[in-house]
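Written out below as structure tokens is the structure these notes cover.
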Amino acid sequence: MVFSALATVLEDGAHSGMPRLPKYLKLSDAIARAILQGRLKTGEKLPPESELARVLPASLGTIQRALNNLAERGLLVRRHGHGTFVAEPAMAPKDLWHFRFLADDGRSLLPVYTQVGSIDAVRRPGPWRDFLGTKDLIVVTRRIDVDHAHTGISKLYLPETRVPGLLKVRPKDLENVNIRAFLTDRFGVATERVREMAACGPLPETVTAALGLTPGVVGLAYHMEGFAHRDRPISYQTAWFPPGGPRLVLGEKHE
């Protein structure tokens, strides 16, 4: 078991000739190594603090300091009333063309995590069909997690003929991935320009149900039109977010 190994690390460190570190730092470093080595998986829930105090040679206070240290480093997520989880890697800010939410300092961008729910063939009418000029589409549905504090749902529509084989891609393989770069590498679909638009209105029932919100709640609808070479339409994405979130940076983006 991972935590039996952590106990051994702490006990061995106490008797080694290595420079002494506070026990909470030894514990946080050992947990960090377990995460980086894949022994603790993304999204895995850690045992309760009282259980860790029972199996590890450390006090409850030491364990709490270690877990808080890892949360500050972005390796763990502590959710009040739910427990402590191994964090998912965020998309690098330099990779973000969309979902550029500002932190409180007004300059830095908040980390964004994505979870793909499904990849489906659709023939659904809507502005995406008008923009892309075809009814044969593939839609990638994602959950967008902004700084583990603000969650939305996005749907990315692509012409089926431009992304052959996308339906065979496992949703898990696209989590926390820059989809724009993935489409370029896998299908030669390069987005050179994006136009963004935003509006406020009632969120769709599918969105409120997925996010556990009251039906009819008003939120943000965020539309993104993607253009390939010579301004050829290549993608259409809509994302919905509930009210009360951080500021969203809008503007036309170019490669």
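Just so you know, we're using my numbering here: the sequence shown kicks off at 3 and counts up by one. Don't be surprised by glycine CBs; every beta carbon is placed ideally from N, CA and C.
If contact is defined by three or more beta carbon pairs under 8 Å, each pair taking one atom from either stretch, is the segment 181–189 in contact with the segment 120–133?
Between the segment 120–133 and the segment 181–189 there are fewer than three inter-stretch CB-CB distances shorter than 8 Å, so the stretches are not counted as touching.
CB-CB length for Gln117 against Glu177, believed under 8 Å
Confirmed, Cβ separation roughly 5 Å.
Reference Gly63; option with closest CA among Thr216, Tyr26 and Ser156:
Between Gly63 and the set Thr216, Tyr26 and Ser156, the nearest pair of CA atoms involves Tyr26.
Within 10 angstroms of the Cβ of Ser30, are there 16 or more other Cβ atoms? Answer buried if so, exposed if not.
By the C-beta density criterion, Ser30 is buried, having at least 16 other C-beta atoms within 10 angstroms.
Keeping to the same chain, check which residues put their C-beta closer than 6 Å to that of Arg56; ignore five residues upstream and five downstream.
None.
For Pro113, does the three-state DSSP call read helix, strand or coil?
If DSSP states are grouped into helix, strand and coil, Pro113 belongs with coil.
Contained beta strand (DSSP E) runs [length at least 3] in the segment 16–81, N- to C-terminal order
Runs found: 78–81.
By alpha-carbon positions, which one of Arg182, His225 and Phe243 ends up nearest to Gly154?
Checking every option, the nearest Cα to that of Gly154 belongs to Phe243.
For Val142, count the other beta carbons within 10 Å of its own beta carbon; 16 or more makes it buried, fewer makes it exposed. Which is it?
Counting Cβ neighbours within 10 Å, Val142 comes out buried, since at least 16 surround it.
So Ala183 is in the alpha helix (DSSP H); what residue range does that whole segment cover?
For Ala183, the enclosing alpha helix (DSSP H) covers residues Ile181 to Phe189.
Endpoints, beta strand (DSSP E) assigned at Leu139:
Annotation: the continuous beta strand (DSSP E) that includes Leu139 extends over Leu139 to Val148.
Pull the bridge partners of Phe229 from the DSSP assignment, please.
In the DSSP assignment, the residues bridged to Phe229 are Arg195 and Pro235.
Who does Pro166 pair with in a DSSP beta bridge?
In the DSSP output, where bridge partners are listed per residue, Pro166 has none listed.
Sufficient close CB pairs (3 or more, under 8 Å) joining the segment 159–168 to the segment 133–150
Verdict: yes, contact present.
CB Val114 to CB Phe101, shorter than 7 Å?
Cβ distance < 7 Å, so Val114 and Phe101 count as in contact.
Distance, Ala201 Cα to Gly218 Cα:
Using only the alpha carbons, I get a separation of about 15 Å.
Would you identify the three-state DSSP class for Gly247, choosing helix, strand or coil?
In this structure, Gly247 counts as coil in the three-state DSSP scheme.
Residues sharing a beta bridge with Asp122, DSSP:
Bridge partners of Asp122: Val141.
In the DSSP assignment, find the beta strand (DSSP E) that holds Pro217 and state where it starts and stops.
Per DSSP, Pro217 belongs to no beta strand (DSSP E) and is neither H nor E.
Residue interval of the beta strand (DSSP E) (run including Leu1)
This structure cannot settle anything about residue 1, because the visible part of the chain is limited to 3 through 257.
Would you mind giving the Cβ-Cβ distance between Arg249 and Phe103, rounded to the nearest angstrom? I have them listed as a contact below 8 Å.
About 7 Å separates the two Cβ atoms, so the contact holds.
Go to Phe87, then tell me how far its beta strand (DSSP E) extends in each direction, as first and last residue.
That run of the beta strand (DSSP E) goes Gly85 to Val88.
Just curious, the beta strand (DSSP E) that Leu158 is in, first and last residue?
His152 to Pro161 is the span of the beta strand (DSSP E), which, as asked, contains Leu158.
From Leu213, Leu252, Arg232 and Ala212, pick the residue whose C-alpha is nearest to that of His225; which is it?
Comparing alpha carbon positions, the residue from Leu213, Leu252, Arg232 and Ala212 closest to His225 is Leu252.
Please state the DSSP three-state secondary structure of Phe133.
Helix at Phe133.
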